[in-house]
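Student:
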Amino acid sequence: MNIEHKNEIKAKLRKCEDVDNVDLHFDKLRKLGDSLLKNKEIENLIIFLNALANKKRLMIMNVLKEKNRCVCELETVLDDSQPSISHHLKILENIGLIRGWKKGKFTHYDIVKAQYERYLNMVKEELF
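Each number in my numbering comes from the position in the sequence shown (counting from 1) with 33 added on.
1) For the ligand HEM, is there any heavy atom lying closer than 7 angstroms to the beta carbon of Arg102?
2) Leaving out the 5 sequence neighbours to the left and right, which residues in its chain are closer than 8 angstroms to Lys100 when beta-carbon positions are compared?
3) Go through its chain and collect everything with a Cβ distance to Arg132's Cβ below 6 angstroms, but skip five positions before and after it.
4) Given a threshold of 16 other Cβ atoms within 10 Å of its Cβ, counted over all protein chains shown, does Arg63 qualify as buried or as exposed?
5) Would you please state the rounded distance, in angstroms, between the beta carbons of Gln148 and Leu125? I believe it to be under 8 angstroms.
Take a look at the structure:
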């Protein structure tokens with residue numbers, strides 16, 4: 034952070050915070066920021082939230098909550114093409130939220146509950 038920007042922030046802190054020592058308060062806030070940037074859990078949380086930041090993928094998770102489904106069932110529920118469904122399934126599968134397996138000619142998917150719960154706990158710990 035350049036000195037000019039640092040001084041601007043400190044000037045704002047003097048106005049918005051009831052702080053005796055702005056320099057000390059600034060340093061504590063910077064350490065907090067550095068700590069958050071190094072937090073691997075936050076990186077994992079970003080991956081999880083990005084995977085769910087799509088209506089189709091949220092719908093897939095909702096449908097799979099009920100029971101495992103084959104791709105053709107998901108095509109019907111989502112009114113979408115097989116390539117599009119497969120794309121969304123791959124994103125969810127890559128982060129371990131769902132798993133697929135062959136059952137005859139069809140691939141079925143279900144939620145990996147342990148991973149799903151791990152991500153939900155991460156959301157609770159990091160955001161609430």
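All C-beta atoms, glycine included, are put in the ideal place defined by N, C-alpha and C.
Tutor: Walking through what the data contain:
1) With respect to small molecules bound, the structure shown includes none, and the ligand HEM cannot be examined in it.
2) As a working note, residue 100 is residue 67 in the sequence shown. Same-chain partners within the cutoff: Asp143.
3) As a working mapping, residue 132 is identified with position 99 in the sequence shown. Closer than 6 angstroms at the Cβ level, and outside the excluded window around Arg132, lie Val145.
4) What you label residue 63 is simply residue 30 of the sequence shown in a count that begins at 1. Label assigned to Arg63: exposed.
5) As a first step, residue 148 must be located in the sequence shown, where it is residue number 115. As a first step, residue 125 must be located in the sequence shown, where it is residue number 92. No, Gln148 and Leu125 are not in contact; Cβ-Cβ is about 10 angstroms, not under 8 angstroms.
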